[in-house]
Structure formats: C-alpha cells, structure tokens
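S.K.:
Protein chains: 4
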Amino acid sequence: MEQLIKDLLVFRNERNWQKFHNPKDLAIAISVEAAELLELFQWRPNEQPVDSVLQNNLENEIADVLLYLLLLADAAKIDILFAAQQKLERNKLRFPISTSYGIAKPDDSSEMI
Amino acid sequence: MEQLIKDLLVFRNERNWQKFHNPKDLAIAISVEAAELLELFQWRPNEQPVDSVLQNNLENEIADVLLYLLLLADAAKIDILFAAQQKLERNKLRFPISTSYGIAKPDDSSEMI
Amino acid sequence: MEQLIKDLLVFRNERNWQKFHNPKDLAIAISVEAAELLELFQWRPNEQPVDSVLQNNLENEIADVLLYLLLLADAAKIDILFAAQQKLERNKLRFPISTSYGIAKPDDSSEMI
Amino acid sequence: MEQLIKDLLVFRNERNWQKFHNPKDLAIAISVEAAELLELFQWRPNEQPVDSVLQNNLENEIADVLLYLLLLADAAKIDILFAAQQKLERNKLRFPISTSYGIAKPDDSSEMI
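Residue numbers (the working numbering), protein chains in the order written: chain D, 58 to 170; chain P, 58 to 170; chain Y, 58 to 170; chain W, 58 to 170.
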C-alpha cells in the first residue's frame, strides 16, 4: 500500500489538485463513492451471488472509495493501516468471542467489525 | 495491509460473523460509516484545519470504512490494492496533466482521483 | 405541508440558524440523516417486517430527512411538491406500464420511482 | 401532499412495483439519491450561490429523495407530516432560543433542526 499511496500523491500533485482536496470535500467524495458502490446492490436479494459483471463494477467503486480514503488520511496526517489495526485491537476486547459468537450487533450498536 | 486483512478475517471467523457479512450488507455498512465520517465535518467551513479532536475521531471512522471495505473485497474475491492501482493507471490517461492541471472536474464528472 | 414549512422556517429564523443552513451543508445533513435511517436496516433480512420499535425510530429519521429537505428547498427557492409531481409525470412516460410491469430497473438505471 | 402520495401509490401499483419496494431497499434508495444530491455540491465552496443549472439538477434530486421517502413512509405505515411536526415540536424544547441563538450544534449533536 505504500507504493499506491506514493503514486496517488504524485498523481494528485502533478495535477495541482491538492487545493481541491481539503478534508471536508474528501469526506463528501468518500460518501458519494460509497453510495455508488451501494447502488450496485439496489433491489437485489441479500443472498444473490456476485457475478462477474457486478465484480467488475465493484472493483471500480471499491477502488474509488479507497483512493479518496487515502487522500483524506494524507490530508489529516493519519496512518491508515495503524488506525485500522488499533480499531481491530479495540474491538477484539469490545466483542469477546464468548458473547459475540454467531450474534449480530452484540452490543446493540450496529458495528460488526 | 496483508497482515491487517489476515487479522481481520481471523477476527470475523472466530466470531462466526461471515454469515452476516454478505456483500449487500457490507455495502450498506460502508455507506453508514462514510456518513459518520462526513458528519464530523457538518456545519464547518471547508478551510477549517483538522485539530487533534477531529483527527482522533477521523482515525476511528476512516478505520471503520477501511475494515468494511476489506471485508467486502474479501467477500467479492477482489484484490483491493490491484483494483486501486488499475483505477489510478486508467485515470492518468483519462486526466492528462495538460488538460487537468489546477482544474476541478476536468471531464465534467465529479471524479478527482 | 405548507404549515410545516412555515413552522420550520420560523423555528430556524428565531434561532438565527440561516447562516449555517447553506445549501452545501444542508445537502450533507440530508445524506447524514439518510444514513442514520439506513443504519436501522443493517444486518436485517429484506423481508423482516417493521415492528413498533423500528417504526418509532423510522419516524424520527424520516422526519429528519424531510426537515432538512424542506430547508434545502427553501434555500434553493425550489417548490418541492411541484418538483416531485413533475418528476412523477416524467417517469410515467419513461416507464410505460407495458414495459415496466413487475420489472425491476426497466431501463437499466436503478431508478424505480 | 395528499394528492402526490395518492398519485405515487397508483404509479407504483399499476407497475406492480410494491414487491421491490420493501423498507430496506427503500432506505437504500433514499441514501443513494441523497448522495446524488450531495454530489452536485462536490468541490464547491460553501458560499457559492445556486445558479439555474444547479437549481434544475437539485429539483430532480430533491424530488427523488422525497418520492422514495413517501414510499418508505407508506410501507412502514408512517404519517410523514405528523412525524415531522412532532420532531419539530420536540426540538423546540431541546433547543431553547436562549441557548441556541446563532449557535451551531448547541447540544454537541450535529442536529440543527
């Protein structure tokens, strides 16, 4: 991921796009792309499998969300992998296997990570 | 990122949460977390700098979006880094520096990655 | 709805909140509330019926989305009922019953209104 | 609004679309349309005025959000105007003018309705 981040920042800088990439507008972009990703699942049953057309479209939208996420992490001086690892560690304690096994929303929040 | 993905899948599997983590519900989760991220910027001017309180909250929400994104990529058998690199390569051609330098939305789509 | 809009604008003005209610921040608010609404359905099967707890929560979130929608319509000088009626008229032509009956996404867009 | 709701339900029923319009998918649709609305404001300064092009596009997206909101209210047996009026009444008490005048997020939630 280090190389991806490097390439992304070069891409942004050589187009002089940093001035548009303020944190608030990047947060908006993440939401807009997340909705384009969600739109791929509209009107479909939960259990419908991912076929190759959907998989292609998903690759595109997942990429968009990730790229904006990386730009926001850069703008806010956040180490995204470290933040994610920390969150996972916290949630191992928050959701002990004994009370979470096979259960959705074990602490009534909708969080399942 | 490989290690993060490994730890995340172990975390999910040892809690027997795969059955909840179908692609559609993961897509929903990504949107919900993206909105929690966006909420941090509500009613704030674009140029307001990121202070340490906001940075802490951002770390949490960015982590949430990434973790669900990784779970969706796993469920849809997508190599997320490869997908992002491909998207960036495509956009280097789509947004030549000569026509994109310093310009927002150079091809009228709202995409700026 | 006229009375609701009147009361809402009085509520806003007597708190001197118009300055915060610029169109962009209202658009953000609508998305944030829409995600809180969506969160009520996370991890639930499509066919799970709406019980009274969910109905209560839904009333709250639907109200939030509508109130911000009305504030945005006011800020952008839009007659919301007229706009909705026009959209419905256009879609009666766009989705003739003969080609749309019982069919999801009849024109490949995800629109079903 | 009564007439709009009547026309909308006739439109839906004569196309036999009720089976697609379960509450969860309607909640998704509201989020997707809310993001299309938000996308109109991407990369724009907060204070940029609404010109006629943006106003046209906004009419379309505001209409989409409202129509899906009305379908969801119908599916969940919710009186949307009553719910919004109740919410406004509650918030008159929650945000007294004396403590809210000219202040954003007076109770630290991001709610400003």
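Yeah, the Cβ is synthetic: ideal placement off N, Cα and C, and Gly gets one too. What you are looking at is a predicted structure, and each value in this text was computed from that prediction instead of being measured.
Going by DSSP, what residue range makes up the alpha helix (DSSP H) through Pro80 (chain D)?
M.R.: Pro80 to Glu96 is the extent of the alpha helix (DSSP H) around Pro80 (chain D).
S.K.: Between which residues of its own chain and Arg69 (chain Y) is the CB-CB distance below 8 Å, once the five residues before and five after are set aside?
M.R.: Correct list, in chain order: Gln75, His78 and Leu128.
S.K.: Rank D:Gln142, D:Ser88 and D:Leu115 by C-alpha distance to the C-alpha of Leu97 (chain D) and give the top, closest one.
M.R.: Closest option to Leu97 (chain D), Cα to Cα, is D:Leu115.
S.K.: Could you confirm whether any beta carbon from chain Y is found closer than 8 Å to the beta carbon of Leu115 (chain P)?
M.R.: No, no contact with chain Y.
S.K.: Taking Cβ positions, are Ile62 (chain D) and Ala140 (chain P) nearer each other than 8 Å?
M.R.: The answer is no: Cβ separation not under 8 Å.
S.K.: Considering Gln60 (chain W), what are the terminal residues of the alpha helix (DSSP H) in which it resides?
M.R.: Taken as a continuous stretch (DSSP letters only), the alpha helix (DSSP H) holding Gln60 (chain W) covers Glu59 to Glu71.
S.K.: Could you check whether the Cβ of Asp64 (chain W) sits closer than 8 Å to any Cβ belonging to chain D?
M.R.: Answer no: the Cβ-Cβ gap between Asp64 (chain W) and chain D never drops below 8 Å.
S.K.: Going by other Cβ atoms of all chains shown within 10 Å of its Cβ, with 16 needed for buried, is Arg147 (chain P) buried or exposed?
M.R.: Exposed: under 16 other Cβ atoms inside 10 Å.
S.K.: Of all the CB atoms in chain Y, is at least one closer than 8 Å to the CB of Val107 (chain W)?
M.R.: True, the Cβ-Cβ gap to chain Y drops below 8 Å.
S.K.: In this structure, how does DSSP classify Asn148 (chain W) when only helix, strand and coil are distinguished?
M.R.: Reduced to three states, the DSSP call for Asn148 (chain W) is helix.
S.K.: How many whole angstroms separate the CB atoms of Val122 (chain W) and Leu95 (chain W), which I take to be in contact at a CB cut-off of 8 Å?
M.R.: Rounded, the Cβ-Cβ distance is 10 Å, inconsistent with contact.
S.K.: By the criterion of Cβ-Cβ separation under 8 Å, what are the contact partners of Asp82 (chain W) in chain D?
M.R.: Those are Gln99 and Trp100, listed as they occur along chain D.
S.K.: Between which two residues does the alpha helix (DSSP H) harbouring Gln112 (chain Y) extend?
M.R.: First-last of the alpha helix (DSSP H) with Gln112 (chain Y): Ser109 to Ala132.
S.K.: From P:Glu71, P:Ala92 and P:Leu124, pick the residue whose C-alpha is nearest to that of Lys81 (chain D); which is it?
M.R.: The candidate whose alpha carbon is nearest that of Lys81 (chain D) is P:Ala92.
S.K.: Would Val89 (chain D) be called buried (16 or more neighbouring beta carbons within 10 Å of its own) or exposed?
M.R.: The residue is buried, with at least 16 neighbouring Cβ atoms inside 10 Å.
S.K.: If you draw a straight line from the C-alpha of Ala161 (chain W) to the C-alpha of Ile170 (chain W), how long is it?
M.R.: Each residue's alpha carbon lies about 11 Å from the other.
S.K.: Thinking just about the alpha-carbon of each residue, which of W:Met58, W:Glu59, W:Val67 and W:Ser167 is nearest to the one in Tyr125 (chain Y)?
M.R.: Of W:Met58, W:Glu59, W:Val67 and W:Ser167, the residue nearest in Cα terms is W:Ser167.
S.K.: Listing by chain order, which chain Y residues have their CB less than 7 Å from the CB of Asn103 (chain D)?
M.R.: Per Cβ cutoff of 7 Å: Pro102 and Asn103.
S.K.: May I ask you to report which of helix, strand or coil DSSP gives Ala161 (chain P)?
M.R.: DSSP places Ala161 (chain P) in coil when its eight states are reduced to three.
S.K.: So which residues of chain Y does Glu85 (chain D) contact, with C-beta pairs closer than 8 Å?
M.R.: Going by the sequence as given, residue 85 (chain D) is Ile instead of Glu. Within 8 Å Cβ-Cβ: Ile85.
S.K.: In its own chain, which residues sit with a C-beta less than 8 Å from the C-beta of Thr156 (chain D), not counting the 5 before and 5 after it?
M.R.: Pro163.
S.K.: Whole angstroms is fine: what's the gap from Asp158 (chain D)'s alpha carbon to Leu65 (chain P)'s?
M.R.: According to the sequence as given, residue 158 (chain D) is Tyr; it is not Asp. Taking the straight line from one Cα to the other gives about 15 Å.
S.K.: Under three-state DSSP, which class holds Ser155 (chain D)?
M.R.: Correct three-state label for Ser155 (chain D): helix.
S.K.: Hey, out of Y:Lys144, Y:Asp136 and Y:Asp131, whose CA is closest to Asn117 (chain W)'s CA?
M.R.: Measuring from the Cα of Asn117 (chain W), the nearest candidate turns out to be Y:Lys144.
S.K.: Gln142 (chain W) to Ile135 (chain Y), Cα distance in whole Å?
M.R.: If I take the Cα positions, the gap works out to 21 Å.
S.K.: Taking only three categories from DSSP, how would you classify Phe139 (chain Y)?
M.R.: Looking at Phe139 (chain Y) - three-state DSSP - the assignment turns out to be helix.
S.K.: Can you give me the C-alpha to C-alpha distance between Ile137 (chain P) and Ile137 (chain D), rounded to a whole angstrom?
M.R.: Straight-line Cα distance between these residues: approximately 15 Å.
S.K.: Under a CB-based cut-off of 8 Å, is Lys134 (chain W) close to chain P?
M.R.: No, no contact with chain P.
S.K.: Could you tell me whether the Cβ of Ser88 (chain Y) comes closer than 8 Å to any Cβ of chain P?
M.R.: Chain P, which has a Cβ nearer than 8 Å to the Cβ of Ser88 (chain Y), makes this yes.
S.K.: Is Ile85 (chain D) closer than 8 Å to Ile85 (chain Y) when the C-beta atoms are compared?
M.R.: Contact flag set, yes.
S.K.: Using a Cβ-Cβ cutoff of 7 Å, what residues of the stretch 133 to 161 of chain W are near chain P? List them in chain order.
M.R.: Cβ contacts with chain P come from Ala161.
S.K.: So, is the C-beta of Gln75 (chain W) closer than 8 Å to a C-beta in chain Y?
M.R.: With 8 Å as the cut-off, Gln75 (chain W) does not count as an interface residue toward chain Y.
S.K.: In chain D, which residues lie less than 9 Å from Leu95 (chain W) when you measure between Cβ atoms?
M.R.: Going along chain D in sequence order, the residues near Leu95 (chain W) (Cβ under 9 Å) are Ile85, Ser88, Val89 and Ala92.
S.K.: Am I right that Val31 (chain D) and Ala130 (chain P) are in contact with their C-beta atoms under 8 Å? What's the rounded C-beta distance?
M.R.: Outside the shown range of chain D (58 to 170) lies residue 31 (chain D), about which nothing can therefore be said.
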